[in-house]
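Novice: Shown below is the structure under consideration.
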Amino acid sequence: MDIFYPIKLLADWLTPNVALNFFIYDAVKIMLLLLVINYFMAIIRYYLPVEKLRDFLASRKWYGVDYLLGSFFGTITPFCSCSSIPLFIGFLEAGIPLGVTLSFLITSPLVNQVAVVLFAGLFGWKITILYVMAAVLLGVVGGFILSKLKLEKYVADYVWQIKSQKNAIIDKKEPFVKLIKFFWIEGWSFTKKITPYVLLGIGVGALIHGYIPAGFFEKYITAENFFAVPIAAIVGVPMYANAVGVIPIMRSLVEKGVPLGTAMAFMMAVVGLSLPAALILKRVMKIKLLVYFFGITTINIIIIGYLFNAFVK
Amino acid sequence: MQIQVLGSGCPTCKKLFERTKQAVQGLGISAEVEYITDIQRIVEMGVMQMPVLAIDGKPILTGFVPDIEKIKSLLSAGKC
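Protein chains in written order, with the working numbering: chain B, 405 to 717; chain A, 51 to 130.
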């Protein structure tokens with residue numbers, strides 16, 4: 405039985421309005437899932453801060469496995485675009501190859517615990533796992549290709565000169581009982597912070613669900629239309645939105661007839677690449693590296709879109 | 051005591067700066083709160099996640115914005 409059935413009952417009891425009913429059901433379900441997952445992420449973050457992940461990656465030669473590790477670490481690290489510059493420099497400064505650093509940067513905004521919860525809650529586990537695999541693959545392949553292009557000289561020169569002091573964050577050894585509360589506070593404050601964006605996304609998604617006729621988009625965008633995927637990706641590149649806000653909207657679009665791969669290409673382009681991100685990264689990358697970084701990632705996103713359209717029903 | 055808040059000028063970082071100033075006022079300690087956005091200085095400190103709260107050049111908190119009470123307790127712990 406669906407464990408969320410009681411929420412459905414609650415929504416049905418509160419309102420018969422399609423959009424509103426849909427909103428209540430999704431919002432309550434997602435908020436509950438978020439509370440749980442943010443608690444666990446607080447634990448992971450406490451024991452595995454990004455500095456530790458970096459030191460692990462820099463600790464030895466990895467013979468290619470590091471692309472996968474870098475990309476995977478990107479999925480468990482909470483990512484704020486304000487941190488991308490210090491992360492970029494910090495990784496390179498620790499001796500991590502440029503390609504691996506880029507693998508991390510590509511995957512990080514695409515997958516985080518909130519995106520996974522939204523995906524699972526709205527699309528089901530199968531699509532979620534495929535999405536996470538696609539995002540990790542995007543990072544691995546993108547980072548690998550970029551490393552083969554030998555772009556190190558297009559990293560801003562000052563980056564190579566920075567030497568950081570090895571400044572371990574003061575280790576806070578606290579009794580476990582205290583930690584349980586600490587994790588709760590951390591998880592809760594994070595949940596609170598993202599709630600408005602989640603609700604906004606679910607709200608727009610609910611409006612689409614309630615007021616746009618079924619199959620509406622099929623007239624314009626079909627999986628057979630060869631150009632739909634590249635257009636969706638390229639239109640999405642300059643735009644910026646958090647994964648959290650885009651996923652519910654994307655679900656409703658898919659429900660109304662947009663092919664999954666096309667919607668996903670759009671979503672990945674919006675979340676993973678953006679004009680603001682380009683402006684931030686320009687401080688550490690020369691224009692050529694930036695163009696390659698965006699270009700190759702976009703091409704890979706388009707390929708992922710085609711693959712989803714072809715194989716995922 | 052030198053208190054520093056490091057960030058790249060994003061809203062999250064500014065919030066930590068505001069809260070730290072309030073915490074210092076609330077504690078009644080005479081310390082200057084400095085807001086650092088220079089990327090070079092941030093990386094030199096060895097931290098990678100914004101925002102950062104540091105006392106006398108040592109980071110004591112990275113990656114998130116706690117409430118004022120938490121900042122107060124961190125500051126008073128760092129004092130002695």
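Idealized CB from N, CA, C, for every residue including glycine.
1) Within a Cβ cutoff of 6 Å, which residues of the same chain sit near residue 656 (chain B), ignoring the five residues on either side of it in sequence?
2) Given 8 Å as the limit, is there contact between the segment 87-105 of chain A and the segment 488-496 of chain B, that is, 3 or more CB pairs closer than that?
3) Could you work out which residue in A:118, A:75, A:106, A:78 is closest to residue 86 (chain A) when comparing CA atoms only?
4) Are any of the Cβ atoms in chain A nearer than 8 Å to that of residue 491 (chain B)?
5) Run through the DSSP bridge pairs and tell me what residue 112 (chain A) is partnered with.
6) Beta carbons nearer than 8 Å to chain A: which residues of the segment 437-468 of chain B have them?
7) Please work out which residues of its chain come closer than 8 Å, Cβ to Cβ, to residue 615 (chain B), disregarding the five sequence neighbours upstream and downstream, and give them in chain order.
8) Taking only beta-carbon atoms, is residue 619 (chain B) less than 8 Å away from chain A?
9) Per DSSP, which residues does residue 85 (chain A) bridge with? Please list them.
10) Under 6 Å Cβ to Cβ from residue 475 (chain B), same chain only, skipping five residues before and after it: list those, please.
11) I need the boundaries of the alpha helix (DSSP H) containing residue 711 (chain B), first residue and last residue.
12) Give me, in chain order, the residues of the same chain whose beta-carbon lies closer than 6 Å to that of residue 57 (chain A); leave out the 5 immediate sequence neighbours on both sides.
13) Check distances from the C-beta atoms of the segment 71-101 of chain A to those of chain B and list, in chain order, the residues that come in under 9 Å.
14) Can you grab the Cα-Cα spacing for the pair residue 457 (chain B) / residue 420 (chain B), in whole Å?
15) Taking residue 567 (chain B) as the reference, which of B:490, B:558, B:526, B:629 has the closest Cα?
16) Looking at chain A, is there any beta carbon in it that lies within less than 8 Å of the beta carbon of residue 507 (chain B)?
17) Which residues of chain A have a Cβ atom closer than 8 Å to the Cβ of residue 497 (chain B), listed in chain order?
18) For residue 126 (chain A), which residues in chain B fall below 8 Å Cβ to Cβ?
19) On the three-state DSSP scale, how would you describe residue 130 (chain A)?
20) Using a Cβ-Cβ cut-off of 8 Å, state whether residue 58 (chain A) counts as contacting chain B.
21) Would you check if the segment 683-696 of chain B and the segment 460-473 of chain B touch, i.e. whether three or more CB-CB distances between them fall below 8 Å?
22) Under DSSP, the alpha helix (DSSP H) around residue 61 (chain A) begins and ends at which residues?
23) Taking C-beta pairs closer than 8 Å, name the residues in chain A that residue 687 (chain B) reaches, listed in chain order.
24) If we cut at 8 Å on Cβ distances, does residue 487 (chain B) have a partner in chain A?
25) Specify the secondary structure class of residue 688 (chain B) as computed by DSSP and reduced to three states.
26) Using a Cβ-Cβ cutoff of less than 8 Å, which residues in the same chain neighbour residue 555 (chain B) once the five nearest sequence positions on both sides are dropped?
27) Thinking residue 580 (chain B) and residue 446 (chain B) are a contact (beta carbons under 8 Å), I'd like their distance in whole angstroms, please.
28) Using beta carbons (cut-off 8 Å, strictly below), is residue 566 (chain B) in contact with chain A?
29) Spell out whether any CB of chain B is found under 8 Å from the CB atom of residue 130 (chain A).
30) Residue 677 (chain B): buried (16+ other C-beta within 10 angstroms of its C-beta) or exposed?
31) Report the partner residues of residue 559 (chain B) according to the DSSP bridge assignment.
32) So which residues on chain A does residue 494 (chain B) lean against when the C-beta distance must stay under 7 Å?
33) So what's residue 671 (chain B) in DSSP terms, helix, strand or just coil?
34) Return yes when the Cβ of residue 699 (chain B) is within less than 8 Å of the Cβ of residue 660 (chain B), no when it is not.
35) Alpha carbon to alpha carbon, what distance is there between residue 432 (chain B) and residue 407 (chain B)?
36) Relative to the alpha-carbon of residue 642 (chain B), which residue among B:438, B:585, B:675 has its alpha-carbon at the smallest distance?
Specialist: The answer reads as follows:
1) Position 252 of the first sequence, counted from the start, is the residue given in the question as residue 656 (chain B). Hits under 6 Å: 609, 612, 613.
2) yes
3) Here residue 86 (chain A) refers to the residue found at position 36 when the second sequence is read from its first residue. Restricting attention to A:118, A:75, A:106, A:78, the CA atom closest to the CA of residue 86 (chain A) is found in A:106.
4) Here residue 491 (chain B) is taken as the residue at index 87 of the first sequence, counted from 1. At least one C-beta of chain A is nearer than 8 Å to the C-beta of residue 491 (chain B).
5) As a position in the second sequence, residue 112 (chain A) is number 62, starting the count at 1. DSSP, once it has assigned bridges, lists A:102 as partnering residue 112 (chain A).
6) 449, 453, 454, 455, 458
7) One-based indexing of the first sequence puts residue 615 (chain B) at position 211. So the qualifying residues of the chain are 423.
8) Translated into positions along the first sequence, residue 619 (chain B) becomes position 215. Chain A contact via Cβ: absent.
9) Walking along the second sequence from the start, residue 85 (chain A) turns up at place 35. Bridge partners of residue 85 (chain A): A:55.
10) Stepping through the first sequence from its first residue, residue 475 (chain B) is reached at position 71. For residue 475 (chain B), where only same-chain residues beyond five positions count, the Cβ hits under 6 Å are 507, 511, 540, 543, 544.
11) Here residue 711 (chain B) corresponds to residue number 307 of the first sequence, with the count starting at 1. Counting along the chain, the alpha helix (DSSP H) containing residue 711 (chain B) begins and ends at 691-715.
12) Here the question's residue 57 (chain A) lines up with position 7 in the second sequence. Here the set comprises 63, 100, 101.
13) 89, 90, 92, 93, 94, 95, 96, 97, 98, 99, 100, 101
14) Within the first sequence, residue 457 (chain B) is the residue found at index 53, counting from 1. Within the first sequence, residue 420 (chain B) is the residue found at index 16, counting from 1. If you take the alpha carbons of residue 457 (chain B) and residue 420 (chain B), they lie about 49 Å apart.
15) As a position in the first sequence, residue 567 (chain B) is number 163, starting the count at 1. If we check each option's Cα against that of residue 567 (chain B), B:490 comes out closest.
16) Along the first sequence, one-based indexing puts residue 507 (chain B) at 103. The beta-carbon of residue 507 (chain B) is placed no less than 8 Å from the nearest beta-carbon of chain A.
17) In the first sequence, residue 497 (chain B) corresponds to position 93, counting from 1. Those are 93, listed as they occur along chain A.
18) Locating residue 126 (chain A) in the second sequence gives position 76, counting from the first residue. Residues of chain B passing the Cβ test: none, with the nearest at roughly 15 Å.
19) Here the question's residue 130 (chain A) lines up with position 80 in the second sequence. Unreliable positioning characterises residue 130 (chain A) in this predicted model, as indicated by a pLDDT of 41, which lies under 50. A coordinate reading is not provided.
20) Start at 1 with the first residue of the second sequence, and residue 58 (chain A) comes out as number 8. It does; some Cβ of chain B falls within 8 Å.
21) As far as the Cβ criterion goes, the segment 460-473 of chain B does not touch the segment 683-696 of chain B, which means the pair count is below three.
22) In the second sequence, residue 61 (chain A) corresponds to position 11, counting from 1. Unbroken alpha helix (DSSP H) run through residue 61 (chain A): 61-77.
23) Walking along the first sequence from the start, residue 687 (chain B) turns up at place 283. In chain order: 89.
24) Working through the first sequence from its first residue, we reach residue 487 (chain B) at position 83. Cβ-Cβ to chain A under 8 Å: yes for residue 487 (chain B).
25) Your numbering for residue 688 (chain B) matches position 284 in the first sequence. Residue state, collapsed to three classes: coil.
26) Here residue 555 (chain B) corresponds to residue number 151 of the first sequence, with the count starting at 1. Closer than 8 Å at the Cβ level, and outside the excluded window around residue 555 (chain B), lie 502, 692, 693, 696.
27) Numbered from its first residue, the first sequence carries residue 580 (chain B) at position 176. Numbered from its first residue, the first sequence carries residue 446 (chain B) at position 42. With a beta-carbon spacing of about 14 Å, residue 580 (chain B) and residue 446 (chain B) fall beyond the 8 Å limit used to define contacts.
28) In the first sequence, the residue the question calls residue 566 (chain B) occupies position 162. Residue 566 (chain B) counts as touching chain A.
29) Here residue 130 (chain A) is taken as the residue at index 80 of the second sequence, counted from 1. Its pLDDT being 41, under 50, residue 130 (chain A) is placed unreliably by the model, and the measurement read from it follows with that caveat. No, its Cβ sits nowhere closer than 8 Å to a Cβ of chain B.
30) Taking the first residue of the first sequence as position 1, residue 677 (chain B) is located at position 273. Residue 677 (chain B) is buried by the Cβ-count criterion.
31) Along the first sequence, read from residue 1 onward, the residue named residue 559 (chain B) stands at position 155. Beta-bridge partners assigned by DSSP to residue 559 (chain B): B:689.
32) Position 90 of the first sequence, counting from 1, holds the residue named residue 494 (chain B). Neighbours of residue 494 (chain B) on chain A, chain order: 93, 98.
33) For this step, residue 671 (chain B) is matched to residue 267 along the first sequence. Helix.
34) Indexing the first sequence from 1 puts residue 660 (chain B) at position 256. Indexing the first sequence from 1 puts residue 699 (chain B) at position 295. Cβ atoms of residue 660 (chain B) and residue 699 (chain B): not closer than 8 Å.
35) Your numbering for residue 407 (chain B) matches position 3 in the first sequence. Your numbering for residue 432 (chain B) matches position 28 in the first sequence. Straight-line Cα distance between these residues: approximately 13 Å.
36) For this step, residue 642 (chain B) is matched to residue 238 along the first sequence. Closest option to residue 642 (chain B), Cα to Cα, is B:675.
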